[in-house]
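Residue numbers (our numbering): 1185 to 1451. Beta carbons: idealized from backbone N, C-alpha and C, even for Gly. First the structure, in the form of structure tokens, and then the observations on it.
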């Protein structure tokens, strides 16, 4: 059974349907790791898709239909996969049409992933994503800055806004540790589903958290840093720009424990 499945509205997508999408960039998506046919934070993924669809298309696909499309893709592949659900409007981009119907649902599966082992060194780049609260496609800057960071001897890049605040990574959320509490950066960014899972589970376990503006000048006073996304609740970061970041094994342990405390749910 192949792990690669591509379906449109719950059935195998045809070449004719996929062809126009290869040249389009007006869509949004959510990505998740499925294990044993189950996923953590399904409610957060559905909420993300609803919000972004209303923002881009003015209409959203009902949750039950999204779940049906996700189930159909899983039934066509193995129980452990990376799963991506993309919402798009057939009229595509550079047109005013599309608000008169619900978006279509494109679901793609692939091999399961767990992210890099780390620790990572992050270059800092002054950059602000358009519509930062939406996980939209076609963001050439993310790959561009990742590759430029690699060329310059880093593993990836972290974005700094016009006010000098660290916001997020190319495909990551950032989180910091002050020795006692988890510190989330205060800036315009995409709030990740893994970030949402970790935050609510840390709340339930009583681990202190706060949201704070973080600039390069604040980094030397911090006791740890990580990146997180749908692959993993935490990969250690040992340098951001020229600032070294201490190892923080307790911080990593707390994040992974919080993520594991989130129950797996059926589609």
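Secondary structure at residue 1333: helix, using DSSP grouped into helix, strand and coil. If only uninterrupted beta strand (DSSP E) runs of at least 3 residues are considered, those enclosed by the stretch 1288-1367 are 1288-1294, 1304-1310, 1340-1344, 1350-1353, 1357-1361.
Under DSSP, residue 1212 takes part in a beta bridge, and its partners are 1271, 1320. In terms of Cα proximity to residue 1385, the closest of 1311, 1210, 1225 is 1225.
In the displayed model, residue 1433 falls within a helix according to three-state DSSP. Of 1328, 1302, 1222, the smallest CA-CA separation from residue 1311 is found for 1328. When rounded, the separation of the alpha-carbon atoms in residue 1218 and residue 1252 is 15 Å. DSSP places residue 1261 outside both helix and strand once states are collapsed to three, so it counts as coil. Inter-segment contact for the stretch 1402-1416 and the stretch 1282-1292 is absent: fewer than three beta-carbon pairs are separated by less than 8 Å.
Judged by DSSP in its simplified three-state form, residue 1379 adopts helix. Residue 1189 has its alpha-carbon roughly 12 Å from the corresponding atom of residue 1198.
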